[in-house]
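In what follows, a single structure is set out as C-alpha cells and then discussed.
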Amino acid sequence: MKISAVKGMNDILPEQIGTQRPISAWQRLENACRVRFDLYGYREVRTPVVEETRLFARSIGESTDIVGKEMYTFSDRKGKKLLSLRPEGTAGVVRAFVQHSVHTRDPITKWWYGGPMYRYERVQAGRYRQFHQIGAEAIGVAEPAMDAELLVMLDRLLRDDLRISPLKLLVNSLGDRADRTAYVDLLKSYLKKHLDSLCEDCRRRYEQNPLRALDCKVPDCQPVLDEAPQIGESLSEPARRHFEKVLALLGEMDIELEVRPRLVRGLDYYNRTCFEFVAGGLGAHDTVCAGGRYDDLVGSLGGPRLPAIGFAMGVERLVMLLPEDPNLEPEGPRVFFVYVGEESLETCFRLMEEMRESGVSAEMDFRGGSVKSQMRRADKKGARFAIVIGETEIATRRVSLKELWREKARDEETISFDLLVDSVKKRLLMNG
RNA sequence: GUGACCAUAGCUCAAUAGGUUAGAGCGCUGGACUGUGACUCCAGAGGUUGAGGGUUCGAUUCCCUUUGGUCACCCCA
358 MKISAVKGMN DILPEQIGTQ RPISAWQRLE NACRVRFDLY GYREVRTPVV
408 EETRLFARSI GESTDIVGKE MYTFSDRKGK KLLSLRPEGT AGVVRAFVQH
458 SVHTRDPITK WWYGGPMYRY ERVQAGRYRQ FHQIGAEAIG VAEPAMDAEL
508 LVMLDRLLRD DLRISPLKLL VNSLGDRADR TAYVDLLKSY LKKHLDSLCE
558 DCRRRYEQNP LRALDCKVPD CQPVLDEAPQ IGESLSEPAR RHFEKVLALL
608 GEMDIELEVR PRLVRGLDYY NRTCFEFVAG GLGAHDTVCA GGRYDDLVGS
658 LGGPRLPAIG FAMGVERLVM LLPEDPNLEP EGPRVFFVYV GEESLETCFR
708 LMEEMRESGV SAEMDFRGGS VKSQMRRADK KGARFAIVIG ETEIATRRVS
758 LKELWREKAR DEETISFDLL VDSVKKRLLM NG
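Using the numbering used here, the first residue of the first sequence is number 358, and each one after it goes up by one.
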C-alpha cells in the first residue's frame, strides 16, 4: 500500500525536488525575518494550530469565503466544541493577547509569528491547503507612524534582505467603519445603475460584497469600475489625515509605492490603512504579503479597545521567488573515513567521534564495501578530506590525509592518530 | 463549487499509421584499477505504460469510467 501526502499539503525536503525549493531556502527566509523583526522590536509568539471555530467566525467574518467554505472544522471527542484548523494567524494571536491581558504589562505589544495555516481550497500555483505564513501584529498604537514603520520594515525585508524582484507596494485606506458603510451604499447605488454591463461574478458581488467588485479582472467591467466612486472621497477627516501622514512618512523614507484606490481586502476586520506587496512570476497569485489596520478587532474579541495593525506573508510564494544563494556552503562532512576490515571500523568509529567532538563534521559508510565505493561516497557527499584506515594504518598509528576537491593536490601526508584532529582543523582554517 | 490540460524507469523525456522483447540521458550498483573519489570506458539492476473496463488478431497509442497531478475561475498569503 502506497500512501502519499494529502492533496495540497507538501513535504519540504532537504534537497530541491522539481520546483519545490529545498529547506535551506525556507531557513534563509526564516532567518532573515527573525533578524529584521528583532531590529524593530517584535518578539516571537507561538499559538496553537487549532482554535475554537467561533474565534475565526467572529474575527474574519461569517460571510467571508474563508469562514463560509474553506475551514477544516471538526468537533472534538467530547463533541461539545467546534474546533477549526487556523486559516490565518491574526485571530489566534489576538486571542492570546486578550486571554493573557498582555496590555496590563505594557501598553504596546509587538509580536511576530509563523507557521502552517489551513484552507480547504482547490490547489493551484502558489496556493495550497496547508501553507505557511509569517506575520506580525503591533497592538496599542493608533498613530500613522506605526503604519509607516511597519511598511518600512517590510519593504526592507522583502527588497533588501530577500531581494524579491520585481516587487510593488500597493496601499489604500478603507476609512473607519462609518466611512466604509457610507461608501458601500454609495458604491452599491452606482453599481446598480450599471448592472447589465457587469460580468456575472460582479453581479453576485454586488449582492454579497460590493467592495470585491472593485478587484474584478474582467476587461469588460473595467470601464464601469474606473468611473465608480472611490473610497478616498468618502473618508472622514481623521481617516484622511491619517492616510496622508502615512504616505508622507513613507515618502520621507523614499519608499516606493502606488496608491490604489480600488485595493480592498478579503477579511472583514480591516480599516484605514491596507496594503499589499505584489511580485511577478507566480501565476495567478502575485501577492506575497498583505495586511492593514484592524482597530476594532481586539475590542470585539473581548479585549481592551486597542488599535492594531498587522500583516501576513505567504511563505511558499516568497520561497519560490527567493534568488539562489550565491555563497552557499557545501553541506557535506569535512572528513570522510574509509575503513578496511572489522578492526579498522572500530578505529574509524573512535577517530570520527573525536573529530566531531572538536567541531569538525565527519562521516563514514558503515556498510563498508570496497575502498573505491567508500571513496565514491566520500566524493558524492562533498567531503573535504578522506582518510583510509586499514591494517598498515593501525600498525603504524599513522594515517594519510587525502584532500578531495582538488585535481592534483596529491599531498597525501601521513599524520599520527594523535595529531589528526589538530591537523585537519589547521588545514580547514588555512583555506576555507 | 466551475472549467481546461496532463499521466511511460527514482528524475527528465522517446517509442514511426494500432504491430513482435517499451528505449535514451541523468541517477543508482558494480567492474576496468583485487587499498583510493571526481574525469573516461564497460556492464547491471530498475516498468502491471496511474487504475479498471471496452474496441481489435494485436492497445503506451483509439473509446468510456475512475484516481492522481497541473493550471485557470471563484477566493486568497
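Glycine is no exception: its CB is placed at the ideal position from the N, C-alpha and C atoms. This structure is a prediction, so every number in the text was calculated from the model and none was measured.
Query                                                                                                                       : Result
Delimiting residues of the alpha helix (DSSP H) encompassing Lys525                                                         : First-last for Lys525: 524–530, but that is the beta strand (DSSP E), not the alpha helix (DSSP H).
For Tyr399, the three-state DSSP class (helix, strand or coil)                                                              : coil
Identity of the residue in Val402, Glu494, Pro444 nearest Val655 by Cα                                                      : Glu494
Between the CA atoms of Thr644 and Lys467 - distance to the nearest angstrom                                                : 24 angstroms
Length of the line joining the Cα atoms of Tyr399 and Tyr547                                                                : 43 angstroms
Inter-residue CB distance, Ile612 and Leu526 (contact presumed, cutoff 8 angstroms)                                         : 7 angstroms
Per-residue burial, Ala647 [other beta carbons within 10 Å of its own, 16 or more giving buried]                            : buried
Boundaries of the alpha helix (DSSP H) in which Tyr563 is found, first to last residue                                      : 557–565
Own chain partners of Ser701 with C-beta closer than 8 angstroms, once the 5 adjacent residues on each side are dropped     : Ile746, Gly747, Glu748, Glu750, Ile751
CB of Trp383 within 8 angstroms of CB of Val676, strictly                                                                   : yes
Residues near Val480 by beta carbon distance below 8 angstroms, same chain, minus five either side                          : Lys364, Gly365, Arg486
The ligand ADP heavy atom lying under 7 angstroms from the CB of Val697                                                     : Among the components of this structure there are no ligands whatsoever, and the ligand ADP is therefore not found.
Nonlocal neighbours in the same chain, by C-beta distance under 6 angstroms from Gly637, ignoring five residues either side : Pro523
Length of the line joining the Cα atoms of Gly449 and Glu615                                                                : 31 angstroms
Environment of Lys759 [buried if 16+ CB atoms lie within 10 Å]                                                              : buried
Secondary structure of Asn628, DSSP reduced to three states                                                                 : strand
When Gly497, Gly726, Tyr477 are compared against Val455, the one with the closest alpha-carbon                              : Gly497
C-alpha gap between Asp736 and Thr376, whole angstroms                                                                      : 26 angstroms
Residue span of the alpha helix (DSSP H) that contains Val498, given as start and end                                       : Val498 -> no alpha helix (DSSP H), and no H or E assigned at all.
6 angstroms CB neighbourhood of Ala585 in its chain, flanking five on each side removed                                     : Tyr547
Pick from Leu568, Ser773, Cys705 that is closest to Arg537, judged by C-alpha positions                                     : Leu568
Local Cβ density within 10 Å of Leu508, reported as buried at 16 or more and exposed below that                             : buried
Burial state of Asn388, where buried means 16 or more other Cβ atoms lie within 10 Å                                        : exposed
Segments assigned beta strand (DSSP E), at least 3 residues, entirely inside the region 419–469                             : 430–432, 439–442
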